[in-house]
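Enquirer: Position 126 of the sequence shown, counted from 1, bears residue number 163 in the working numbering, the numbering being contiguous throughout.
Can you keep this structure in mind? I'll have questions shortly.
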Amino acid sequence: MEQLVTTQDMVGQKAVARETAVRGAHPVGPFRRRATRRALLACAVLAVGALTLSACGGDAEADNGKGSGKGASSGKGSDSGRISTAEIAISAKDGSTNASINATDVKVSGGKLTKVTMTEAVTGRSVPGSLSEDGSVWKPEDQLERATQYRISATAKDAKGRTSAANSQFTTVSPSHSFIGTYTPDGGTTVGVGMPVSFTFDKVITDKKAVQSGIQVTSSSGQEVVGHWFGANRLDFRPQSYWKAGSTVTMKLHLDGVEGADGVYGVQDKTVTFTIGRSQVSTVDVHTQTMTVVRDGKTLKTIPISSGSPQHTTYNGQMVISQKFVQTRMLGSTVGFGGEYDIPDVPHAMRLTNSGTFIHGNYWYPRGNPPFGRQGTSHGCVGLQDAQGAQAATQGKWFYDHSLVGDVVTVRNSPDKTVAPDNGLNGWNMSWSAWKAGSAL
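Okay, structure coming up:
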């Protein structure tokens, strides 16, 4: 029977013939047509992907100012050979808060920094900085301010001259989220053998171990130095016995970023050194009303004194001179004595306790009946014969001129109690075992 062929069938057969000629003698059925459509769709996706890759290579100068701290490379087109290998890293990430005021820097790998600018975001004031000789690191010259917003823009080039850029805007740690330790003695000073290293923190420290771990105190004498906490705000360091005369003490503070309490971070990162002078320890004997000054094991002088009266006795114990004043005002109301005295120009005054004990000159004593060497007449201080104006060659002036901050004055045979270790810099009145027990490490 003859087969009837329609026009539509003829068209279809021609299409099959063309497809067969192109792809080989495989009939194009429904499955083959679906595969063809998928192949065409995949080609379209690849074309879009290639277009997207080309768009990634932008010009560094076209930065939108919202840098992430990572370098954006220059070059046009999708050729990877046009992309800079110089990668910039800004330590303070864009948009960050609580940034360090010490550790901010800009570094580059695979190239050299060509320009770095840093400004205060609000005022526009330029922040000076310095670039390392090899062009790999830029740092601000000075410590940054707390609670201040800054901007950094940096550019770099790789060995082929291709550029990259990075930007960051950040805010440094605020006072409310940071702590500072005020310390004594100051760097570069020469102090007596009894001078401890004492820190007073402006925030309550709850992680004492972390904070103490961030402070290292060593002596050129090789003496073991241990820290002791007095409460949550004060940390002192000392050796078992007085520092060795002539030694050098080094304090290394690595507190920047240390979390001393929940959400409260340290900001200090520095090294401080001071020198221990000659050894001088003066001993006040309340029974004899005298003070014997011993330097480097030899007696320099025995001085008549007037200690506290029977009503206002002087503390016993080892007390360290913490401050010196050629003249100072002493007001009874500031130390619990009401209006009993107000002397505006006490000469040659040296502080022994925070509660108001001084060793000082006395010019207001009765001329016909001087108390020195005979009886105690003060409100707890140790008095020496002196003259108003602090100029005459007196016992008070001699002792002042021959004393250093950090020298020790030991009081014996007083009817009073021993001074508390934290009343001034007087931790020497604590046994070594008790001192070490107060360490957080």
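Just so it is clear, CB atoms sit at the ideal spot from N, CA and C, and this is done for glycine as well.
1) Which residues in the same chain have their Cβ closer than 8 Å to the Cβ of THR310, if we skip the five residues on either side of it in sequence?
2) Measuring straight from C-alpha to C-alpha, what distance separates ALA430 and ILE217?
3) For ALA430, which of helix, strand or coil comes out of DSSP?
4) Could you give the C-beta distance for VAL442 and VAL234, rounded to a whole number, given that I count them as a contact under 8 Å?
5) Which runs of the beta strand (DSSP E), 3 residues or longer, sit entirely within the stretch 251-337?
6) To the nearest whole angstrom, what separates the beta carbons of TYR187 and VAL210, a pair I think is in contact under 8 Å?
7) Could you tell me whether the Cβ atoms of THR237 and THR219 are closer together than 7 Å?
8) Since ILE125 sits in a beta bridge, which residues does DSSP pair it with?
9) Give the secondary structure of LYS361 by DSSP, where H, G and I count as helix, E and B as strand, and everything else as coil.
10) Whole angstroms is fine: what's the gap from ALA386's alpha carbon to GLY413's?
11) Which first and last residues belong to the beta strand (DSSP E) in which TRP175 is found?
12) Counting only the same chain and skipping the five closest in sequence on each side, list residues whose C-beta sits under 8 Å from that of LYS473.
13) VAL174: which of THR160, LYS144 and LYS194 sits nearest, CA to CA?
14) Using CA atoms only, rank isn't needed, just tell me which of LEU389, THR122 and ILE313 is closest to VAL321.
15) Does THR371 come out as helix, strand or coil in the three-state DSSP assignment?
16) Distance, Cα to Cα, ALA97 vs LEU292?
17) Please list, in chain order, all residues of the same chain as PHE68 whose beta carbon is under 8 Å from its beta carbon, the five residues on each side excluded.
18) Just the C-alpha distance for GLN425 and ILE396, rounded to the nearest angstrom, thanks.
19) Got a sec? Which residues, its chain only, sit under 6 Å from GLY420 by beta carbon, not counting five neighbours each side?
20) Just how far apart, CA to CA, sit ASN353 and GLY297?
Expert: Quick look at the numbers:
1) GLY224, GLY225, THR285, VAL286, THR287 and MET288
2) 42 Å
3) coil
4) That belief does not hold up - the Cβ atoms of VAL442 and VAL234 are roughly 13 Å apart, past 8 Å.
5) 252-256, 263-267, 271-275, 285-291, 296-298, 301-303, 306-313, 317-322 and 327-332
6) Not quite, the Cβ-Cβ distance comes to about 12 Å (not below 8 Å), so this is no contact.
7) yes
8) VAL145
9) strand
10) 18 Å
11) 174-177
12) VAL263 and HIS265
13) LYS144
14) Restricting attention to LEU389, THR122 and ILE313, the CA atom closest to the CA of VAL321 is found in LEU389.
15) helix
16) Here ALA97 scores only 34 on pLDDT, less than 50, and its place in the model is too uncertain to base an answer on.
17) The pLDDT assigned to PHE68 is 41, lower than 50, so where the model puts this residue is not dependable; a value taken from the coordinates is nonetheless given after this. The answer is none, since no qualifying residue turns up.
18) Distance between the alpha carbons of GLN425 and ILE396: 16 Å.
19) Spatial neighbours of GLY420 in its own chain (CB-CB distance under 6 Å, excluding positions within 5 residues in sequence) are listed in chain order as SER343 and ASN399.
20) Answer to the nearest angstrom: the Cα atoms are 36 Å apart.
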